[in-house]
Amino acid sequence: MPDDQTHARRVQEVFARQAAAFEDHRHNHALTHDSQWLFQSLRVEPQDLLLDVAAGTGHAARALAGRVRVAVAVDLTEQMLQAGKQAAEQQGLSNVLFQRGDALRLPFLDESFDVVISRFASHHIERPDVQIAEMARVLRPGGRLGLADVVADEDPAVARTQDRLERMRDPSHTRTLPISEIVAEMQSLGLEAVTVESRAVQHAADPWLKRAGAPTEIADSVRGELRAEIAGGAPTGLRPVQREGELWLAQVWACVTAVKPGA
Ligand SMILES: C[S@@+](CC[C@H](N)C(=O)[O-])C[C@H]1O[C@@H](n2cnc3c(N)ncnc32)[C@H](O)[C@@H]1O
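Structure follows, in structure tokens:
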């Protein structure tokens with residue numbers, strides 16, 4: 009694994025390029041329509057101060073902004089924050105704050121927020137355990153935490169193949185966690201009432217590869233490994249199928265919620 013700062017630079021290079029695509033309604037269904045279910049079971053109140061960690065353009069923060077007092081979107085990549093700020097202005101939102109910051113050292117005092125969420129980000133972070141600990145640190149007693157992400161197969165060998173293919177597609181990918189590890193991490197921090205909801209989400213392979221800007225030869229190799237699984241080869245963790253002449257795969261998305269005790 010590269011060191012902290014090398015990886016942080018890689019993340020910013022990758023997401024500076026993707027910032028516009030995150031707000032392009034022709035291509036961002038996965039971030040809007042398909043992911044609406046993710047924080048549905050998380051309680052949010054009109055007086056809540058909500059933090060969205062590694063928020064990107066703040067899709068989740070903006071979606072929840074109408075139900076809370078203030079939503080803060082923190083991210084490492086300036087271009088993502090700028091695109092999010094512009095989108096928030098266009099939506100007429102006045103209670104979303106965009107701030108640059110690192111999920112591994114959140115620039116907030118302990119116990120500052122009523123709700124802390126993060127979506128589709130832990131698999132870009134080198135130490136998701138530190139990210140979750142930081143999210144718990146800035147949560148007030150009685151506050152609610154929600155972590156949503158692509159998750160790994162519970163078989164470590166399959167998970168390693170899945171991560172290798174995801175990393176070929178997008179070099180800022182670090183490691184997807186299995187649900188069991190996310191739950192164990194939250195419990196080790198003393199969080200309570202842990203709940204899990206997960207769904208398999210289908211993607212056509214070609215646009216999925218294109219969205220991340222994978223070079224042609226890399227995209228061909230990924231497609232080759234997916235087709236090899238369909239032909240009876242080892243599992244990739246990406247559940248490939250051929251449908252009407254098109255290659256599809258599935259990721260499992262999970263939303264794990266918990267409550268910080270001590271209110
Ligand atoms: C796939 S995007 C998801 C954005 C957003 N959460 C969403 O669901 O639309 C991942 C985001 O994580 C951010 N990120 C990665 N590592 C980070 C870190 N250590 N601290 C803060 N943000 C980080 C990237 O800049 C990028 O905006």
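Counting from 9, one number per residue, gives the positions in the sequence shown under this note's numbering. For every residue, glycine included, the Cβ atom is placed at its ideal position computed from N, Cα and C.
Beta-carbon separation of residue i and residue j under 8 Å?
i, j, result
"Leu173", "Val230", "yes"
"Val204", "Ala262", "yes"
"Thr184", "Ala167", "yes"
"Ala69", "Val123", "no"
"Asp157", "His131", "yes"
"Ala96", "Ala27", "no"
"Val52", "Val82", "no"
"Ala29", "His37", "no"
"Gly245", "Thr169", "yes"
Can you tell me which of the three DSSP states residue i falls into?
i, result
"Gln4", "Look at the range of the chain in this structure, 9 to 271, and you will see that residue 4 is not part of it."
"Trp261", "strand"
"Met9", "Confidence is the limiting factor: at Met9 the pLDDT is only 48, short of 50, which leaves the residue's position unreliable, though a coordinate-based value still follows. Met9 falls in the coil class under three-state DSSP."
"Phe106", "strand"
"Ala79", "strand"
"Glu86", "helix"
"Ala220", "coil"
"Pro215", "helix"
"Asp60", "strand"
"Leu153", "strand"
How is the alpha helix (DSSP H) around residue i delimited, first residue to last?
i, result
"Ile125", "No alpha helix (DSSP H) holds Ile125; the beta strand (DSSP E) holding it covers 121-127."
"Asp228", "224-238"
"Leu173", "164-177"
"Asp137", "136-145"
"Val52", "Element bounds for Val52: n/a, residue is neither H nor E."
"Arg70", "67-72"
"Gln250", "First-last for Gln250: 249-251, but that is the beta strand (DSSP E), not the alpha helix (DSSP H)."
"Glu193", "187-196"
Could you name the residues of the same chain whose beta carbon sits closer than 7 Å to that of residue i, not counting the 5 residues immediately before and after it, in chain order?
i, result
"Met9", "The predicted model places Met9 with a pLDDT of 48, which falls under 50 and marks its position as unreliable, so this point remains unresolved."
"Gln20", "Leu84, Thr85"
For ligand 3, I want to know if residue i counts as a neighbour, meaning its beta carbon is within less than 7 Å of at least one of the ligand's heavy atoms.
i, result
"His67", "Ligand 3 is not among the ligands present in this structure, which contains only ligand 1."
Apart from the five residues just before and just after residue i, which ones in its own chain have a Cβ nearer than 6 Å to its Cβ?
i, result
"Glu119", "Arg148"
"Val260", "Val159, Ser206, Ala208"
"Ile140", "Glu193"
"Phe23", "Thr85, Met88"
"Leu46", "Ala156, Cys263"
Do residue i and ligand 1 come close, with the Cβ less than 7 Å from some heavy atom?
i, result
"Gly154", "no"
"Gln23", "A quick correction: the sequence has Phe, not Gln, at residue 23. Indeed, a heavy atom of ligand 1 lies less than 7 Å from the Cβ."
"Phe128", "yes"
"Phe30", "yes"
"Ala111", "yes"
For residue i, which residues from the same chain have a beta carbon less than 8 Å from its beta carbon, with the 5 sequence-adjacent residues on both sides left out?
i, result
"Glu254", "Ala212, Ala213, Asp214"
"Arg113", "Glu142"
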